[in-house]
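Residue 564 is where the sequence shown starts when you use my numbering, and the numbers rise one by one after that. Cβ atoms here follow ideal geometry from the backbone N, Cα and C, with glycine treated the same way. Here is the structure we will look at, set down as structure tokens.
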Amino acid sequence: MQDNILKFSNEEMKVLVDKNFFELKHSSTAKMVELFGQLEVELKKVVSASGLKVDNLNVSSGKIFRGENYRGFPYVLLDCPRLFNRESVFAFRTMFWWGNEFTFTMHIQGDAWKKFKSKLISNFENLENRGILFCINESPWQYHLGEDNYITLDTKQNMSQAKELLQSKNFVKLSRKLAINEYENVIEVGKEALEFYLSLLND
Numbered sequence: 564m565q566d567n568i569l570k571f572s573n574e575e576m577k578v579l580v581d582k583n584f585f586e587l588k589h590s591s592t593a594k595m596v597e598l599f600g601q602l603e604v605e606l607k608k609v610v611s612a613s614g615l616k617v618d619n620l621n622v623s624s625g626k627i628f629r630g631e632n633y634r635g636f637p638y639v640l641l642d643c644p645r646l647f648n649r650e651s652v653f654a655f656r657t658m659f660w661w662g663n664e665f666t667f668t669m670h671i672q673g674d675a676w677k678k679f680k681s682k683l684i685s686n687f688e689n690l691e692n693r694g695i696l697f698c699i700n701e702s703p704w705q706y707h708l709g710e711d712n713y714i715t716l717d718t719k720q721n722m723s724q725a726k727e728l729l730q731s732k733n734f735v736k737l738s739r740k741l742a743i744n745e746y747e748n749v750i751e752v753g754k755e756a757l758e759f760y761l762s763l764l765n766d
């Protein structure tokens, strides 16, 4: 045997021979997709009831997709409603991030942001102390809740910082989180989050 052969730790060997984990991962992910499918039905009702008008917004069909590596961990996403093109983004994204949390994020960018910017700014005080996080990142494509990506809106200082950033940013992202062990509340919290976000944009 070669002296320099790669060595696995006892913990790594336990993982390498454990088929049960992957069977549970498969069944858990399937249930998560089913849960997001149920949420999609309810989110469509929320958008319809709101009366909000956004050009080219897809409400008829949400999109659920899975990935294996966002910052090292698997995830499941639901985009509903959704609009992603070069000119405009208007999307409500529900994300399950394995080992971390659920997040419910409104992302508005480009032409859609120009349309709703003044309305959101005028209603911005309603965000204070509502459990909503505000994206401070220069990129809109990060979804972790680290301090370099989001700030809370529970202090006057943070509210002031966020409102100032709204003036210069070409997008806005607002997010709410839910612990994984509270999964039974995903539909209720998802509906509430979307209803609240849309109320900030409506006349």
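Check                                                                                                                 : Outcome
Bridge-paired residues (DSSP) for N621                                                                                : R645
Runs of beta strand (DSSP E) lying entirely within the region 568-619, each at least 3 residues, in chain order       : none
Span of the alpha helix (DSSP H) around Y713                                                                          : Y713 -> not in any alpha helix (DSSP H); beta strand (DSSP E) instead, spanning 713-715.
Exposed unless 16 or more other CB atoms sit within 10 angstroms - verdict on E603                                    : buried
DSSP three-state assignment for W676, whether helix, strand or coil                                                   : helix
Enclosing alpha helix (DSSP H) for I750 [first to last residue]                                                       : 749-762
For I743, the three-state DSSP class (helix, strand or coil)                                                          : helix
Three-state class that DSSP yields for N632 in the structure shown                                                    : strand
As assigned by DSSP and simplified to three states, the class of K726                                                 : helix
E710 - DSSP class collapsed to helix/strand/coil                                                                      : coil
Beta-bridge pairing of L690 - partner residues as DSSP gives them                                                     : L690 is not bridged to any residue.
Cβ-based burial, R739 [other Cβ within 10 Å; buried from 16]                                                          : buried
Identified DSSP bridge partners for K736                                                                              : H670
Distance CB(Y713)-CB(L728) smaller than 8 Å                                                                           : no
Pair within 8 Å by beta-carbon distance, V749 and L615                                                                : no
Residues of its chain near N721, where Cβ-Cβ distance is below 7 Å and the 5 sequence neighbours each way are ignored : I714, T715
Bridge-paired residues (DSSP) for K626                                                                                : D642
As assigned by DSSP and simplified to three states, the class of S731                                                 : helix
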